[in-house]
Amino acid sequence: MQIVLAHIGPRPSSKDVLEGLTAMYLERCGPHARCQSESFRSEEAMFEWMDRQQRRAPAVCVLLDSRGKQMTSENFAEWLGRRRDNGAQQIVFAIGPADGWSDVARKRATLLLSLGPLTLAHALARVVLAEQLYRAFTILTGHPYHSGH
Numbered sequence: 392m393q394i395v396l397a398h399i400g401p402r403p404s405s406k407d408v409l410e411g412l413t414a415m416y417l418e419r420c421g422p423h424a425r426c427q428s429e430s431f432r433s434e435e436a437m438f439e440w441m442d443r444q445q446r447r448a449p450a451v452c453v454l455l456d457s458r459g460k461q462m463t464s465e466n467f468a469e470w471l472g473r474r475r476d477n478g479a480q481q482i483v484f485a486i487g488p489a490d491g492w493s494d495v496a497r498k499r500a501t502l503l504l505s506l507g508p509l510t511l512a513h514a515l516a517r518v519v520l521a522e523q524l525y526r527a528f529t530i531l532t533g534h535p536y537h538s539g540h
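Quick note, the sequence shown lines up with residues 392 to 540 if you use our numbering.
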């Protein structure tokens, strides 16, 4: 399975501390899934990129949206594990444009996901999402990271 952490906006600088944290968590996910980070100038560019991917099935598209579903870490791990076990080849988690996702984008999403009621800066949302992906994989494998042991 491949995980893509996408966002609409400028490409983050490799010198950015938050980008370094995001990369660290995505790297930690490596034993469980191939992970990559992508930046797009517009939601249209992201969906065009997704449409060009060569897969047996379309990508699972998760848009981060304040009106989306909120989950516990355990529920998120369950959701991710079901996608993995059902043969999802690619899951794209996308952080939207500053003015939010269009109605067209929302309709195309498999899931609208909220990280909580607070609005987060893109870079911070990327770190939180990358850490939650890593946490989900540790929950699925019974690794002690989640429980703090």
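Ideal Cβ positions, reconstructed from N, Cα and C, are used throughout, including at glycine.
Remember, predicted model here, so these are calculated numbers, not experimental data.
The straight-line gap separating the alpha-carbon atoms of Glu-418 and Val-495 is approximately 32 Å.
The Cβ-Cβ distance between Leu-504 and Gly-459 falls below 8 Å. Annotation for Gln-480: no beta strand (DSSP E) segment contains it, and DSSP assigns it neither H nor E. Around the beta carbon of Tyr-536, a 10 Å sphere encloses fewer than 16 other beta carbons of the protein chains shown; the residue is thus reported as exposed. Proximity of the segment 470 to 486 to the segment 441 to 456 meets the contact definition, three or more beta-carbon pairs being nearer than 8 Å. Secondary structure remark: continuous beta strand (DSSP E) runs of at least 3 residues inside the segment 407 to 459, in chain order: 425 to 431.
The Cβ atoms of Ala-527 and Phe-467 sit closer than 8 Å to each other. With respect to Glu-429, Ile-399 sits apart: the two C-beta atoms are not nearer than 8 Å.
Ranked by Cα distance from Phe-431, the options Lys-406, Val-395, Arg-425 are led by Val-395. Put simply, the backbone Cα of Val-519 is about 23 Å away from that of Ala-479.
Collapsing the DSSP output to three states places Ala-527 in a helix. In this structure, Gln-393 is the residue among Leu-506, Arg-446, Gln-393 with its C-alpha nearest to the C-alpha of Gly-421. Between Thr-413 and Ala-489, the C-beta gap is not smaller than 8 Å, which leaves the two residues out of contact. Shown here, Ala-468 sits in a helix according to DSSP, grouped into three states. DSSP places Ala-397 in the uninterrupted beta strand (DSSP E) bounded by 393 to 399.
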